[in-house]
Every structure is written in C-alpha cells, then in structure tokens.
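Asker: In the UniProt record's numbering, the protein residues as written are 1 to 372. Built from N, CA and C at the ideal position, the CB exists for glycine as well. All values derive from a computational prediction rather than experimental measurement.
1. Does the distance from the C-beta atom of residue 212 to that of residue 173 stay below 8 Å?
2. Which word fits residue 25, buried or exposed, when buried means at least 16 other C-beta atoms lie within 10 angstroms of its C-beta?
3. Just to check my reading of the structure: residue 39 and residue 79 have Cβ atoms closer than 8 Å, yes? What is that Cβ distance to the nearest angstrom?
4. My parser needs the alpha helix (DSSP H) runs of 4 or more residues fully inside the region 12-82; what are they?
5. Quick one, are the C-beta atoms of residue 151 and residue 7 less than 8 Å apart?
6. First and last residue of the alpha helix (DSSP H) that includes residue 232?
7. Would you report the Cα separation of residue 209 and residue 167, rounded to the nearest angstrom?
8. At the level of alpha carbons, what is the spacing between residue 139 and residue 86?
9. If I measure Cβ to Cβ from residue 71 and keep anything under 6 Å in the same chain, skipping five residues before and after, which residues do I get?
10. Excluding the 5 residues preceding and the 5 following residue 241 in the sequence, name in chain order all residues of the same chain whose CB lies nearer than 8 Å to its CB.
11. If you run the structure through DSSP and keep just helix, strand and coil, what is residue 157?
12. Using the three-state DSSP reduction, which class does residue 106 fall into: helix, strand or coil?
13. Given a threshold of 16 other Cβ atoms within 10 Å of its Cβ, counted over all protein chains shown, does residue 175 qualify as buried or as exposed?
14. Report yes or no: do the region 12-20 and the region 44-52 share at least 3 C-beta pairs separated by less than 8 Å?
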C-alpha cells in the first residue's frame, strides 16, 4: 500500500449510519451532511483560512456522522466544532481566535435565517451558548474519532498539481478540477474511495466539460493507479449534487439543540425586519384606513348639513347675490368660483417706481450747478 493510504470505511458501516437507527432516511441525512459541509466552506472563506482547513473540517464532519446520529448532534453545531478542530490540526489556529469562529457562525446564522444583523456581545448569553456548544462538539469529535487523525486524513487536492503538470493543462483546467474536488467534499466519497481516485474523477469531469483530450494508450487512469468503474461512480455522485436545490437553512433534527425552536440561541433571536412586500402591504392598509375614515367624516358632514343641500356651516348665512356681483364687477373672484392658482404667476403687480424730479438749473452758470 502507498504511504498516503487512509482507512476507508467498510460497506456494512456505510450502509448503516447511526441516523438510520433513529428514523432518518438517507436522503435527509445526505442533505444535512452537504449543508454542514457548505457551512464549513463558507466559514473558512470568511475567516480567510487555507483550503486545507476546510477540507479537513468537512472530512471530520463526514466521519463523525458515521459515529453519531443527526438526532443527537445538529449539523450547524458540528460544523462549528469541526472548523475549530481542523484549524488546530492544520496549525492555522494561531491566525484564528475562538471568538472569531463564534462571531462568524453567528453572522452566518442570522443571514441564513433572514434576521437583522446585530453585534454579538462578548460575554453575553448568545456568545456563551455558542462557545460552549462549539467546544462541546469538538470534544465529542475528538473522542469518537479516537484522537488520531493521521490515518483518516488524505485530501485529493494535493495530487492535482502533479497530475495536471503531467497532462500539460493550463490554469483554467486546473481551476475547474479544483472546483470539482471542493464539491466532492460535500459527499462521503472521501470515506469510500482513495484520494488519488477522486482526483482522477475530477480530471475526467474537467476534460469532458472543457473538451480536452486525455491519453488513451496506455489508459491515462492507470498511470494514476485508478480504475475506470470507480471514476464513473465518483462522477455520478458529484453530478447528483448539482441536481439538488440550494439549501439556506435546515431545522435541526436534534430537538435539544441550541439552534432548534425554543433553544437557547433561538430564544435570543432579534425581531425580523419586514420585507419590501410586507412594508408595501402595510402602507396600503394604512392608506385604505385613512380613506375610509375620510369618507365617514364626509358622510357625517353631509348628514349635518342644512335641508337646502348647502354645505355651509350652520349659523352662517349664504353669500348674497350682491356680494358675488360686486366681486365680479370689481375684478375679484366670485365666492362660488374660488380656484387655486399659482402664487408665482398670480402675485400682484408692484406699483411703478417713482421717478426723481429734475434738479433746476440756473441759466448762465458755467458749471450748470444749481444756485444755492
């Protein structure tokens, strides 16, 4: 066996995960596993961790759920613990503090549940609950995986640069292979196949997508110690991921989780902000209520008006015909024809400016000045 071989799980363990004994079907379990791996990848990017930390964290999560059930440990909590443990294993914890991991996962929790973003108070209730849950899960992962990780960690990413160099591919093809390997981490392929076989499957998928030729004589996969049936099975598993809808939030299957409804973290959720649709509906309701109130007031005024149908206030006599005639004759506006006009256009004309009287001049004066 090569030096980089890892312990793969036997078929009887792969076919009977612990969640199956608690009534969780395989489709639901794979959905929660993939979602937990997505959380680890997103948190690693926000924390600016190297990709090897995210690979290790997702491998830890996949192996852990073959030891524990989803009904006992929810995916969000396990993702937190695996990120912290993976950063320690890959010696990246010096650049990442525990509180940074807690704050990043709290921000992801608020965003994915559509809650308003708020500052996480250090030493507060939510911070203490998240930190305690993360450390608790980390200890369980260490215990259930036997405190030994040398024989269970082998990532296919380390083979890519060597394989691509042998094939003579460019940067675009290398990036495509790398992306397929990142997607493969959301499945349990790392527990079923050797890392170099998974790398060959990613190379085959990139070659098909970019229409690149691979050597056939001798078969290229044999140069990398892989078999064609295994490559096909891995490709099908990765392609099946792209047919599933994107998941934003999954409710925990563990009823006692701090993220479950009624949990310690959920009880401290901020009040969600209304969306644009809710704000528009509320404004329409207010406008309808104001219109209804205005119509009711108009009806009350009509009911309290005089018997002659006039809308004048009671006790005030209607304007006489002489007053209306006088207003029309003098150039004013009749009382029954009052219309709003533009004040800028209807401003009264200013009186003409007074001209100064000419200064009398005495004839015969050389300067033309006025005589004293």
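Answerer: Taking the definition as stated:
1. Within the chain shown, the letter at position 212 stands for residue 212. Within the chain shown, the letter at position 173 stands for residue 173. Yes, these two residues count as a Cβ contact at 8 Å.
2. For the purposes of this step, residue 25 is taken as residue 25 along the chain shown, with counting starting at 1. Under this definition residue 25 is an exposed residue.
3. The sequence position of residue 39 within the chain shown is 39, counting from 1. The sequence position of residue 79 within the chain shown is 79, counting from 1. Rounded, the Cβ-Cβ distance is 4 Å, consistent with contact.
4. Given a length threshold of 4 residues, each whole run of the alpha helix (DSSP H) inside the region 12-82 is given here in chain order: 26-46 and 51-64.
5. Counted from its first residue, the chain shown places residue 151 at position 151. Counted from its first residue, the chain shown places residue 7 at position 7. Yes, the pair counts as a contact, with Cβ atoms nearer than the cut-off.
6. Within the chain shown, the letter at position 232 stands for residue 232. First-last of the alpha helix (DSSP H) with residue 232: 228-241.
7. By one-based count along the chain shown, residue 209 stands at place 209. By one-based count along the chain shown, residue 167 stands at place 167. In a straight line, the C-alpha of residue 209 is about 16 Å away from that of residue 167.
8. As a first step, residue 139 must be located in the chain shown, where it is residue number 139. As a first step, residue 86 must be located in the chain shown, where it is residue number 86. Roughly 13 Å separates the two Cα atoms.
9. Working through the chain shown from its first residue, we reach residue 71 at position 71. These residues qualify, in order along the chain: 22, 253 and 254.
10. As a working note, residue 241 is residue 241 in the chain shown. Counting only residues of its own chain and dropping the five nearest sequence neighbours on each side, residue 241 has a CB closer than 8 Å to the CB of 34, 183, 186 and 187.
11. Residue 157 sits at position 157 when you count from the first residue of the chain shown. When DSSP states are grouped into helix, strand and coil, residue 157 belongs to the helix group.
12. Working through the chain shown from its first residue, we reach residue 106 at position 106. DSSP, read as helix, strand or coil, puts residue 106 in helix.
13. For the purposes of this step, residue 175 is taken as residue 175 along the chain shown, with counting starting at 1. Looking at its Cβ environment, which holds fewer than 16 other Cβ atoms inside 10 Å, residue 175 is exposed.
14. Too few Cβ pairs lie closer than 8 Å, so no.
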